[in-house]
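Chains as they are written, first to last, in our numbering: chain Y, 1 to 230; chain Z, 1001 to 1230. One structure is given here, and the rest of the page talks about it.
Number of protein chains: 2
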Amino acid sequence: MRTHIKTIAFDADDTLWVNEPYFQEAENRFCELLATWLPPEAASQELFNTEMKNLHLYGYGIKGVILCMIETLTRVSNGTAQLHLINQVLELGQELLNKPIELLQGVEETLEALHGKYRLVIATKGDLLDQERKLTKSGLQDYFHHIEIMSNKQVTNYQKLLKHLDCSPANFLMLGNSVKSDILPVLALEAFAGHIPFHTTWKHELHEEKVEHPNLISLNNIADIIKHLD
Amino acid sequence: MRTHIKTIAFDADDTLWVNEPYFQEAENRFCELLATWLPPEAASQELFNTEMKNLHLYGYGIKGVILCMIETLTRVSNGTAQLHLINQVLELGQELLNKPIELLQGVEETLEALHGKYRLVIATKGDLLDQERKLTKSGLQDYFHHIEIMSNKQVTNYQKLLKHLDCSPANFLMLGNSVKSDILPVLALEAFAGHIPFHTTWKHELHEEKVEHPNLISLNNIADIIKHLD
Chain Y
1 MRTHIKTIAF DADDTLWVNE PYFQEAENRF CELLATWLPP EAASQELFNT
51 EMKNLHLYGY GIKGVILCMI ETLTRVSNGT AQLHLINQVL ELGQELLNKP
101 IELLQGVEET LEALHGKYRL VIATKGDLLD QERKLTKSGL QDYFHHIEIM
151 SNKQVTNYQK LLKHLDCSPA NFLMLGNSVK SDILPVLALE AFAGHIPFHT
201 TWKHELHEEK VEHPNLISLN NIADIIKHLD
Chain Z
1001 MRTHIKTIAF DADDTLWVNE PYFQEAENRF CELLATWLPP EAASQELFNT
1051 EMKNLHLYGY GIKGVILCMI ETLTRVSNGT AQLHLINQVL ELGQELLNKP
1101 IELLQGVEET LEALHGKYRL VIATKGDLLD QERKLTKSGL QDYFHHIEIM
1151 SNKQVTNYQK LLKHLDCSPA NFLMLGNSVK SDILPVLALE AFAGHIPFHT
1201 TWKHELHEEK VEHPNLISLN NIADIIKHLD
């Protein structure tokens, strides 16, 4: 199998660099703002409900999360929250957008080792400008032939990506931390997938069942892919 | 010149379908919400100031506009606005995201006439999911080889687009309503541009000076491009 891989796509958030811990930190601070009305777990659940209600409209990314936090704050407080709390939520969002990029262990050496031998692309969800800015900040952009910001990571989205890259599933390997978004839809297309677990995952991305598939490689960290491809 | 064109890129908002009038309607309603504190022109200017301050963080698109409306409301009211006004702003945003698509005159016949003879692409700014949804709603997606949602439309963004499309500037024609975003950066690359004026333009996109350039075609409406290409 491995000798047929020509294009390797990398998820970005929590595969190349730290992301979910920043979101969780922002969410914890948001839940503190709601402490007058709800305990933290209930506040978190209310936010999640708002996010799921609006996902078809807002899509993924920080801007949608902040709009959902504001909507949750007005609902949970029953219209009684002080306006300065809204400002604190807006600030949480702007801080998230300004976070530094912290590369995960092994990322740069892995890209260095694969660059030139494979066509490397990024395939990630999120806000367009935010993901572009993170890539620029990461200093990794020269490793990549192409950056695809996707509105979702379902089978049809990967079909479009493969068509767009003019790449057959047999030549395509996707690496990422989310079984739901980076692994299952890719395997459904008979392409190859490498799962690199990250220590924390957004509830919406959770997939509890164990996946077994001949095209799936389980990795402990990103650098392990090199020996699988040799 | 015309015989060398191989790829034609279309701006989407206010070139293929109505957009800016919906934004202006939303902005007018937003200014009414601020009537307690400011007359409409001043409220509009405050919103514009917030948008310009945050553009480097939020980029283009509805989600960023709504976040800017909320920030403007809290600032202008000096923290005294009722929380239900925040909800009304959120609703304005969700209504914008749910607007129907109204194709501009001549769009479908033009795409029909050019399809198969040229590679047709969309090159547009805005929120990723929102633009994808508008394209789906428009029913036009089968005319297009590729959709590029761009975080900005400056010279470097078009350079990336041309590289990505593997297209030389001499073979590229961009059609759009914004002189600033669709015409000037394209002419700077020695590619070709066709300007199709729309009756209303966002202040940020305004370009007052008349442009003259051998690679610029001025069109009264989109269908006029057909005879220029024959």
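Glycine is no exception: its CB is placed at the ideal position from the N, C-alpha and C atoms. As the structure is a computational prediction, the values presented were derived from the model and not from experiment.
Apart from the five residues on each side of it in sequence, which residues of its chain come closer than 7 Å, Cβ to Cβ, to R1119 of chain Z? Correct list, in chain order: K1006, T1007 and H1145.
What residues in its chain sit with their C-beta under 6 Å from that of N215 of chain Y, if we drop five residues either side in the sequence? The answer, listed in chain order, is L187 and F192.
Given a threshold of 16 other Cβ atoms within 10 Å of its Cβ, counted over all protein chains shown, does N1078 of chain Z qualify as buried or as exposed? Counting the other CB atoms within 10 Å of its CB gives N1078 of chain Z a total below 16, which places it among the exposed residues.
According to the Cβ coordinates, are L47 of chain Y and C68 of chain Y closer than 8 Å? The answer is yes: Cβ separation under 8 Å.
Give the DSSP-derived three-state secondary structure of S218 of chain Y in the structure shown. If DSSP states are grouped into helix, strand and coil, S218 of chain Y belongs with the strands.
If I'm right that I226 of chain Y touches G194 of chain Y with Cβ under 8 Å, what's the distance once you round it to whole angstroms? Between the beta-carbon of I226 of chain Y and that of G194 of chain Y there is about 11 Å, and that puts the pair past the 8 Å contact cut.
Given L97 of chain Y, which residues of its chain have a CB within under 7 Å of its CB, disregarding the five upstream and five downstream residues? Cβ-Cβ distances below 7 Å link L97 of chain Y to I62 and D130 in the same chain, with the five nearest sequence neighbours on each side left out; the list follows chain order.
Hey, quick one: how far does the alpha helix (DSSP H) through K1227 of chain Z stretch, first residue to last? D1224 to L1229 is the extent of the alpha helix (DSSP H) around K1227 of chain Z.
What residue from Z:L1034, Z:E1132 and Z:Y1060 has the CA that sits closest to Q1241 of chain Z's CA? Nothing can be reported for residue 1241 of chain Z: it is not among the residues displayed for chain Z, which extend from 1001 to 1230.
Tell me which residues of the region 72-106 of chain Y have at least one Cβ-Cβ distance to chain Z shorter than 8 Å, keeping chain order. Hits within the stretch, in order: T74, S77, G79, T80, A81, Q82, L83, H84, I86, N87, L90, G93, Q94, L97 and N98.
Can you list the residues of chain Z that N57 of chain Y reaches, using a CB-CB cut of under 7 Å? Residue 57 of chain Y is actually Leu in this sequence, not Asn. Residues of chain Z passing the Cβ test: Q1094 and L1097.
Check whether the region 133-140 of chain Y and the region 15-24 of chain Y are in contact - that is, three or more C-beta pairs closer than 8 Å. Output reads yes: the region 15-24 of chain Y touches the region 133-140 of chain Y.
Buried or exposed: where does K1099 of chain Z fall if 16 or more other Cβ atoms within 10 Å of its Cβ makes it buried? Flag for K1099 of chain Z reads buried.
Just curious, the beta strand (DSSP E) that K153 of chain Y is in, first and last residue? That residue, K153 of chain Y, is in no beta strand (DSSP E); it is neither H nor E in DSSP.
Amino acids of chain Z, ordered along the chain, whose beta-carbon sits closer than 8 Å to that of S132 of chain Y: Residue 132 of chain Y is actually Glu in this sequence, not Ser. Residues of chain Z with a Cβ closer than 8 Å to the Cβ of E132 of chain Y are, in chain order, S1151.
What would DSSP say about D13 of chain Y, mapped onto helix, strand or coil? Residue state, collapsed to three classes: strand.
If you reduce the DSSP assignment to three classes, tell me which class G64 of chain Y lands in. In this structure, G64 of chain Y counts as helix in the three-state DSSP scheme.
Alpha carbon to alpha carbon, what distance is there between M1174 of chain Z and E1212 of chain Z? Between the alpha carbons of E1212 of chain Z and M1174 of chain Z lies a gap of roughly 16 Å.
Could you check the C-alpha separation between L202 of chain Y and E20 of chain Y for me, to the nearest Å? Here residue 202 of chain Y is Trp; the residue named in the question, Leu, does not match the sequence. Here the alpha carbon of W202 of chain Y sits roughly 7 Å from the alpha carbon of E20 of chain Y.
Simplified DSSP state of V1121 of chain Z, which is helix, strand or coil: In the structure shown, V1121 of chain Z sits in a strand (DSSP, three-state: E or B).
Taking I66 of chain Y as the query, report the chain Z residues whose CB atoms sit under 7 Å from its CB, ordered along the chain. In chain order: L1067.
Tell me which residues share the same chain as V1076 of chain Z and place their Cβ nearer than 8 Å to its Cβ, disregarding the 5 neighbours each side in the sequence. By the criterion of a C-beta distance shorter than 8 Å, V1076 of chain Z is surrounded in its chain by L1034, W1037, L1038, A1043 and E1046, once the five residues flanking it on both sides are discounted.
Close beta carbons around H1004 of chain Z, own chain, < 8 Å, minus the five adjacent residues each side: So the qualifying residues of the chain are A1170 and N1171.
Measuring straight from C-alpha to C-alpha, what distance separates E190 of chain Y and Y1060 of chain Z? So the alpha carbons of these two residues sit roughly 36 Å apart.
Is V89 of chain Y near the ligand FMN, judged by its Cβ being under 7 Å from some heavy atom? Summarising the ligand content, the structure contains no ligands, and the ligand FMN is consequently not present.
Hey, how far is the Cα of L229 of chain Y from the Cα of D11 of chain Y? Computed Cα separation, rounded: 18 Å.
Thinking C-alpha only, which one of Z:C1031, Z:V1089, Z:L1135 and Z:F1030 is nearest E1102 of chain Z? The residue with the shortest Cα to Cα distance from E1102 of chain Z is Z:L1135.
Would you say H1204 of chain Z faces chain Y, with C-beta separation under 8 Å as the test? So no, H1204 of chain Z is outside the interface.
Comparing alpha-carbon positions, which option in Z:P1040, Z:I1066, Z:E1091 and Z:L1114 lies nearest A1223 of chain Z? The shortest C-alpha separation from A1223 of chain Z is found at Z:L1114.
Minimum Cβ-Cβ distance from L1129 of chain Z to chain Y less than 8 Å: With 8 Å as the cut-off, L1129 of chain Z counts as an interface residue toward chain Y.
Our contact map puts T72 of chain Y next to T50 of chain Y with C-beta atoms below 8 Å; I'd like the distance itself, whole angstroms only. Rounded, the Cβ-Cβ distance is 5 Å, consistent with contact.
Taking just the CA atoms, how far does T74 of chain Y sit from I1086 of chain Z? Computed Cα separation, rounded: 8 Å.
Measure the beta-carbon distance from K1180 of chain Z to H1207 of chain Z and round it to whole angstroms, keeping in mind my assumption that it falls under 8 Å. Going by Cβ atoms, the distance from K1180 of chain Z to H1207 of chain Z rounds to 4 Å, so yes, they are a contact pair.
When we look at the beta-carbon of D166 of chain Y and count the other beta-carbons within 10 Å, is it buried (16 or more) or exposed? It counts as exposed.
Quick one: does K1063 of chain Z have its CB under 8 Å from some CB of chain Y? Yes - at least one Cβ of chain Y is within 8 Å of the one on K1063 of chain Z.
Quick one: using the 10 Å Cβ neighbour count with 16 as the cut-off for buried, is M150 of chain Y buried or exposed? Flag for M150 of chain Y reads buried.
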